[in-house]
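Residue numbers (this note's numbering): 213 to 527.
A virtual CB, placed ideally from N, CA and C, is assigned to each residue, including glycine.
For reference, the structure is listed below as structure tokens.
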């Protein structure tokens, strides 16, 4: 059943008579009805009315014909809000356009004919050439490292950079988006809004996590950062146990990894390089990491170290 304004007013009046505070009433409505619940200012206004002795929850009669807000200007404004943000909520539309929930519902479903549906996850599609390169690389590695029995595998270290977001839609409700009648069902390709994010580089070897290096102040990953901050810290961690240990590095083909500056750095320090097939490294650990720390506002590095070691033990 679709609740209208009078239904919500009755609930507010009931909570008022129960002795709940304005904030408690708002929190309860928000937990039950999410973005369809009235705003805190609405709850506050009705509490003030009830405190003044009002008992009716119906609109007071007004002189003249009421002016409808369901006009072309408002309809177009709602359409633009949806196009700008497919996750926009009733409450955000109400705050932006100053129109009631009932009018918003009428505009969305009767005039725009939109509905909310969940986005579908789709896999990365590899070309035939990429698939062949991936298979060839695997065969080459199996032969080179004797099916994984070679002691050289203990010298292999791999890593990658990735954004870690403080908020990512996870549940079906959080992932729903508005879709117009003539549009195809969306896929989860575009990332949702995030309250904050941090770029990190995470490296590990056969025995577990080696180092996690954060890129501060949202700077761009480039050769300068990679060769003066990131790799020196990783190599330093590796050489703490064995100063002259042979290091075989596996990273992807990002520009910061394949630049002249990076190649010169690796050559100078006698770091060997492995090849890299398409779409390989990120699917190993980063998806689990993001799921594990999503929504956490505090420092993410301790979580990454813990979950990387946990995931590696399960490989």
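Exercise for the section: Helix, strand or coil for residue 424, going by three-state DSSP, please let me know. Expected result: strand
Problem - Cβ-Cβ distance between residue 319 and residue 290 below 8 Å - result: yes
Problem - Cβ neighbours of residue 493 in the same chain (closer than 7 Å, five flanking residues each side left out) - result: Residue confidence is low: residue 493 scores 48 on pLDDT, short of 50, so the model does not pin down where it sits. Its coordinate-derived value is still stated next. Correct list, in chain order: 370, 372 and 464.
Handout entry: Beta-carbon proximity check, residue 438 vs residue 488, cutoff 8 Å
Key = no
Practice task
Helix, strand or coil for residue 369, going by three-state DSSP, please let me know.
Solution key: strand
Problem - Residues near residue 303 in its chain [Cβ-Cβ closer than 7 Å; skip 5 each side] - result: 247 and 251
Practice task
Drop a sphere of 10 angstroms on the beta-carbon of residue 283, count the other beta-carbons inside from all chains shown, and report buried for 16 or more, exposed for fewer.
Solution key: exposed
Exercise for the section: With DSSP as the reference, label residue 483 as helix, strand or coil. Expected result: coil
Exercise for the section: Tell me, please, whether the segment 443–453 touches the segment 344–358 by the rule of three or more beta-carbon pairs shorter than 8 Å. Expected result: no
Exercise for the section: Return helix, strand or coil for residue 413, following the three-state DSSP convention. Expected result: strand
Exercise for the section: Name the two residues that bound the continuous alpha helix (DSSP H) containing residue 469. Expected result: 467–470
Problem - Among 368, 425 and 434, the one whose alpha carbon lies nearest that of residue 413 - result: 425
Problem - Inter-residue Cα distance where the pair is residue 312 and residue 306 - result: 6 Å
Exercise for the section: State the DSSP-derived secondary structure class of residue 462, mapped to helix, strand or coil. Expected result: strand
Practice task
Go ahead and pull the three-state DSSP assignment for residue 453.
Solution key: coil
Handout entry: residue 391 beta carbon less than 8 Å from that of residue 299
Key = no
Handout entry: residue 462 versus 361, 254 and 475, residue with shortest Cα-Cα distance
Key = 475
Practice task
Could you check which residue in 417, 374, 216 and 453 has the C-alpha nearest to that of residue 368?
Solution key: 417
Handout entry: Buried versus exposed, by CB contacts within 10 Å (16 or more), residue 545
Key = The first residue shown for the chain is 213 and the last is 527, placing residue 545 beyond what the model contains.
Exercise for the section: Inspect the beta-carbon positions of residue 450 and residue 458 and report whether they are closer than 8 Å. Expected result: no
Handout entry: residue 311, DSSP secondary structure in three states
Key = coil
Handout entry: C-alpha distance - residue 224 paired with residue 308, whole-angstrom precision
Key = 23 Å
Handout entry: residue 269 vs residue 218 beta-carbon contact at 8 Å
Key = yes
Exercise for the section: Would you mind listing the alpha helix (DSSP H) stretches within the segment 233–305 that are 4+ residues and don't spill past its ends, in chain order? Expected result: 234–245, 252–263 and 284–296
Exercise for the section: Could you check what DSSP says for residue 362 in three-state terms: helix, strand or coil? Expected result: coil
Exercise for the section: Return the CA-CA distance between residue 230 and residue 272, expressed in angstroms with no decimal places. Expected result: 24 Å
Exercise for the section: Tell whether a beta-carbon distance below 8 Å holds between residue 326 and residue 294. Expected result: yes
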